[in-house]
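Everything below concerns the one structure shown next.
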């Protein structure tokens, strides 16, 4: 997969989460997770509102993106 295709897939996931106002976990290349709602993004950055504070993440530092899953009651 080319870097351009990876960015395109990443942008689609981030944009979908922004439109739905759903929470994402962005894992950075240094292993740090950033969990929150995406407010805005462009070709280089993602602006996320976390529980602690607004955070600006540079896309080149993101290693993976996952939706935040809510635990199923009783499991």
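Residue numbers (this note's numbering): 4 to 78. Note that the Cβ used here is the ideal one computed from N, Cα and C, for glycine as well.
Check: Cβ of residue 38 within 8 Å of Cβ of residue 48?; Outcome: no
Check: Check residue 40 in the structure and name its three-state DSSP category.; Outcome: strand
Check: Threshold first: 3 residues or longer. Then list the beta strand (DSSP E) segments lying entirely within the region 9-66, N to C.; Outcome: 26-31, 36-44, 48-52 and 57-61
Check: If you draw a straight line from the alpha carbon of residue 40 to that of residue 31, how long is it in whole angstroms?; Outcome: 16 Å
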